[in-house]
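Below is one structure, written out as structure tokens; the observations come after it.
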Amino acid sequence: MKQLTMIFALLAAPPLGLLAQPTADSQNVRLTGRVTELTLADSSEVFLGGAQIEIWSSGELLSTIESNVKGRYDSRLSFFKSYVVKYKRDGYVMKMVEIDATDFAGQSRDRGFIIELDMTLFRMYPGCKKFEFLGEIPI
1 MKQLTMIFAL LAAPPLGLLA QPTADSQNVR LTGRVTELTL ADSSEVFLGG AQIEIWSSGE
61 LLSTIESNVK GRYDSRLSFF KSYVVKYKRD GYVMKMVEID ATDFAGQSRD RGFIIELDMT
121 LFRMYPGCKK FEFLGEIPI
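Numbering (our numbering), first residue to last: 1 to 139.
As structure tokens, then:
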């Protein structure tokens, strides 16, 4: 009987990977992800801690968060707004994205919504202006 109970408990438990998944809440859009550094020489990536993630709406800076040592970040956005999210760190080419949260279906708003957005930054090189447009045009 103990073996049967143990087998049932193992089968009923969620896989460990599911426990680590981000969860939504019904009041917000959850923006989460990881920032990495791309080494252009060999296309390798490493976690980039200390990157600033700025959340803008209607030309106003709403919040600034910082990626942790493993590059992770997490924030909440309100429904019914549009956002510009800027990823930056001194010495790196800035990138930005637009997020339109103005028209989510009612069912998504009731359950919440998660946007998992990983961003890769790369270093600026003196005299190289080839990638400046990334800080001016959302990707």
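Each residue gets a CB set at the ideal place from its N, CA and C atoms; glycine is no exception.
Quiz prompt | Length of the line joining the Cα atoms of A101 and Y83 | solution = Position 101 of the sequence shown holds residue 101. Position 83 of the sequence shown holds residue 83. If you take the alpha carbons of A101 and Y83, they lie about 8 Å apart.
Quiz item: G49: which of K86, T36, D118 sits nearest, CA to CA?
Solution: Walking along the sequence shown from the start, residue 49 turns up at place 49. Of the listed residues, the one whose Cα sits closest to G49 is T36.
Quiz prompt | Classification of V29 by the beta-carbon crowding that lies within 10 angstroms, buried from 16 upward | solution = As a position in the sequence shown, residue 29 is number 29, starting the count at 1. Classification for V29: buried.
Self-check item: Residue(s) in a DSSP beta bridge with M119
Solution: Translated into the one-based positions of the sequence shown, residue 119 becomes position 119. Beta-bridge pairing links M119 to V35.
Quiz prompt | Per-residue burial, F113 [other beta carbons within 10 Å of its own, 16 or more giving buried] | solution = For the purposes of this step, residue 113 is taken as residue 113 along the sequence shown, with counting starting at 1. When all chains shown are included, F113 counts as buried.
Exercise. Would you kindly check if the distance between the Cβ of Y73 and the Cβ of T32 is under 8 Å?
Key: Taking the sequence shown and counting its residues from 1, the one referred to as residue 32 is at position 32. Taking the sequence shown and counting its residues from 1, the one referred to as residue 73 is at position 73. It is a contact, given that the beta carbons lie within the stated cut-off.
Practice problem: Would you mind stating whether A51 and L117 have Cβ atoms separated by less than 8 Å? | Solution: As a working mapping, residue 51 is identified with position 51 in the sequence shown. As a working mapping, residue 117 is identified with position 117 in the sequence shown. No.
Quiz item: Based on the DSSP secondary-structure assignment, which residues constitute the bridge partners of K70?
Solution: Locating residue 70 in the sequence shown gives position 70, where the first residue counts as 1. BP columns for K70 are empty, so no partner.
Quiz item: Just to confirm, are L77 and I53 a CB contact at a threshold of 8 Å?
Solution: What you label residue 77 is simply residue 77 of the sequence shown in a count that begins at 1. What you label residue 53 is simply residue 53 of the sequence shown in a count that begins at 1. It is not a contact, given that the beta carbons lie outside the stated cut-off.
Exercise. Could you name the residues of the same chain whose beta carbon sits closer than 6 Å to that of P126, not counting the 5 residues immediately before and after it, in chain order?
Key: Stepping through the sequence shown from its first residue, residue 126 is reached at position 126. Contacts found: none.
Exercise. Express the C-alpha separation of E60 and F80 in angstroms, rounding to a whole number.
Key: Residue mapping note: residue 80 aligns to position 80 of the sequence shown, counting from 1. Residue mapping note: residue 60 aligns to position 60 of the sequence shown, counting from 1. So the alpha carbons of these two residues sit roughly 16 Å apart.
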